[in-house]
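Below you'll find the structure, written out as C-alpha cells, and then a few comments.
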Amino acid sequence: MSRPRIVVTRRIPQPALDLLAEHGDVWLSPHDRPLTREELFDAVKGADAIVCLLHDAIDDEVLDAAGPQLKVIANVAVGYNNVNTKAIESRGTVWFTNTPGVLTEATADIAMSLILMTTRRLGEGERVIRSETPWVWSMFYMLGTGIQGKTLGIVGLGLIGQATARRAKAFGMEIIYSGRRQADPAIEAELGAKYVSFDELLETADVVSLHCPLNDETKHLINADRLAQMREDAYLVNTTRGPVVDEQALVDALRKGEIKGAGLDVFEEEPKINPGLLELENAVLIPHLGSATIETRTEMGLLAAKNTVAILNGEEPPSPVVRVS
Ligand code: GLV
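Put into C-alpha cells, the structure is as follows:
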C-alpha cells in the first residue's frame, strides 16, 4: 500500500514532523510564511492529510483542490475560525481536529500578564525607559490600579477562561463570568466564580477578559454599545481572536476615556494593527503570543500529528471536532 501524503502548510516543531514522517510522506512548505491561496491549492493536491495553521483559510476550494482521498484536516490551534467546518462536515468523508487543552496554561499566563500590564501601566513604563525620557520616582508617578479585591469578568469560562480565573483568584481578584451556559458547580466552587448575565458582567467588572471562540455570534461581541456599558475605570483584555472586538470602536472608547485601558494579544486584521491603537498609551499590544512557548508549541504540533496519524490508521483521534461516522 502506498504511504499517505501528509501536507504541512508551514514548519511545526520537529517532534511533530518526525511523528508524521513515520506514518507517511510529508510535504512541508519551504516558506517561513503563510502559503498564498494558489500555493495552498497546489500543495494540497492529492493529500490524505493536511496539517494547517491558524492563518490558513480552509474552505470548499481547498477541499476541492485536495481531492476525494482527503481524510483529515488537523488544525494546529484550538481556535478554528479559519476553517469552514460546515464545508468539511457536508463532505462526510473528512475528519477535522484541533488542539484543545495543551495551550490552556500558556494562554492564561498571557491573559494574566495583560491584566497586570494594563492595570500597572507596564508598557508605558517600558517605553519611558527605552525612549530615555527623563523620570524620577515620586509618590504620584505613573500610578496604576491595584487588582486585589477587584472583579474579573470572564467572558466564556472554558478551559482558558478557568485557568485565567485561577490565576486572578491567586492575585486576590473576585471572579464573575458569563457565557452560553453555567459552568459545573464544582468549577464554580473552586474558582468562587459567579455566573452573571453579559450585561451585568460588562457593567460591574473592573477587568473584562475575553475567552470565547470567534464565530458568527461572537464577531464584534464587544462593540461601541458594549464598551459604553463598561465602567470608565475598567480594562479590557483580549487573548482569543481579534474580530471578537470591534477595534475601531475600542480605539474610540479608549480615546474618549470610556474605559481605562486595554491589553490585546490578538487583532482584527493580524498582523496589521489599527494605527489608532498605536497612538494610545493605555493600550498594551503584543503580537499573538498566547501559546508561544517552546513547550506549548511542541505539544500543539504533537497533538495535531497524533490526530493525523490516528485517523490515517483508522483509529479514534484524541481531539476531533468534525467526525466521520
Ligand atoms: C492560538 O491562537 C490557538 O487558537 O491555538
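All letters in the sequence shown, in the order written, are residues 511 to 835 by the numbering used here.
We treat Cβ as the ideally placed atom computed from N, Cα and C, and that holds for glycine.
Cβ-based burial, serine 707 [other Cβ within 10 Å; buried from 16]
Exposed: under 16 other Cβ atoms inside 10 Å.
Please classify arginine 736: is it buried, with 16 or more other beta-carbons within 10 angstroms of its beta-carbon, or exposed?
Classification for arginine 736: buried.
Beta-carbon proximity list for threonine 661, same chain, < 8 Å, skipping 5 on both sides:
So the qualifying residues of the chain are Met683, Glu684, Ile685, Ile686, Thr714, Ala715, Asp716, Val717.
In angstroms with no decimal places, state the Cα-to-Cα distance between valine 588 and arginine 640.
Rounded to whole angstroms, valine 588 to arginine 640 spans 35 Å at the Cα level.
With H, G and I counted as helix, E and B as strand and the rest as coil, what does DSSP make of phenylalanine 606?
It is a strand residue.
Exposed or buried, which one is methionine 652 when buried takes at least 16 other CB atoms within 10 Å?
The C-beta of methionine 652 has fewer than 16 other C-beta atoms within 10 Å across all chains shown, which makes the residue exposed.
Using three-state DSSP, classify threonine 643 as helix, strand or coil.
Looking at threonine 643 - three-state DSSP - the assignment turns out to be coil, as it is neither helix nor strand.
Mind listing, in chain order, the continuous alpha helix (DSSP H) runs of no fewer than 4 residues lying wholly within the region 700 to 759?
Residue ranges of uninterrupted alpha helix (DSSP H) with 4 or more members, entirely inside the region 700 to 759 and ordered along the chain, are 708 to 714, 734 to 739.
Any alpha helix (DSSP H) of 4 or more consecutive residues that is wholly inside the region 656 to 681:
Runs found: 669 to 680.
Just list the residues that DSSP pairs glutamate 836 with in beta bridges.
This structure cannot speak to residue 836, because the chain is shown only from 511 to 835.
Continuous alpha helix (DSSP H) assignments of at least 4 residues falling wholly in the region 586 to 635:
Within the region 586 to 635, complete alpha helix (DSSP H) segments of at least 4 residues are found at 595 to 601, 614 to 629, given in chain order.
Go ahead and label valine 832 buried or exposed: buried means 16 or more other beta carbons lie within 10 angstroms of its beta carbon, across all protein chains shown.
Classification of valine 832: buried, given that the 10 Å Cβ count is 16 or more.
With histidine 730 and proline 695 assumed to form a contact (beta carbons below 8 Å), what rounded beta-carbon distance in angstroms separates them?
The pair is not a contact, with the Cβ atoms about 32 Å apart (cut-off 8 Å).
Tell me whether the region 805 to 815 and the region 786 to 795 touch, counting them as touching only if at least three CB pairs, one residue from each stretch, are closer than 8 Å.
The region 805 to 815 is not in contact with the region 786 to 795.
Reduced DSSP category for alanine 772 - H, G, I as helix; E, B as strand; rest coil
Alanine 772 carries a strand assignment under DSSP once its states are collapsed to helix, strand and coil.
Nearest candidate by alpha-carbon position, reference aspartate 619, set Pro827, Ser688, Phe681, Gly689:
For the set Pro827, Ser688, Phe681, Gly689, the Cα lying nearest the Cα of aspartate 619 is the one of Phe681.
Report the CB separation of alanine 699 from alanine 675 in whole angstroms; it is logged as a contact under 8 Å.
Their Cβ separation, rounded to whole angstroms, is 12 Å, which puts alanine 699 and alanine 675 out of contact at 8 Å.
Taking the alpha carbon of alanine 557 as the point to measure from, which residue in Asp566, Glu642, Leu573 has its own alpha carbon closest?
Residue Leu573 is the option with its Cα nearest to alanine 557.
When every heavy atom of the ligand SAM is checked, does at least one fall within less than 7 Å of the C-beta of serine 512?
Looking at this structure, you won't find the ligand SAM anywhere; what it does contain is the ligand GLV.
Here's the rule I'm using: 16 or more other beta-carbon atoms within 10 Å means buried, otherwise exposed. How should proline 827 be labelled?
Proline 827 should be labelled buried.
Tell me which residues share the same chain as glutamate 778 and place their Cβ nearer than 6 Å to its Cβ, disregarding the 5 neighbours each side in the sequence.
Cβ within range, chain order: Gly752, Pro753, Glu757.
Within 10 angstroms of the Cβ of valine 646, are there 16 or more other Cβ atoms? Answer buried if so, exposed if not.
When all chains shown are included, valine 646 counts as exposed.
For the beta strand (DSSP E) holding glutamate 684, just list the boundary residues, first then last.
Where glutamate 684 is concerned, the enclosing beta strand (DSSP E) stretches over 684 to 688.
Under the three-state DSSP convention, the category leucine 787 falls into
Here leucine 787 sits in helix by DSSP.
So which of Met810, Asp542, Leu538, Leu564 has the shortest CA-CA distance to valine 554?
Distances from the CA of valine 554 to each of Met810, Asp542, Leu538, Leu564 were compared; the closest alpha carbon is that of Leu538.
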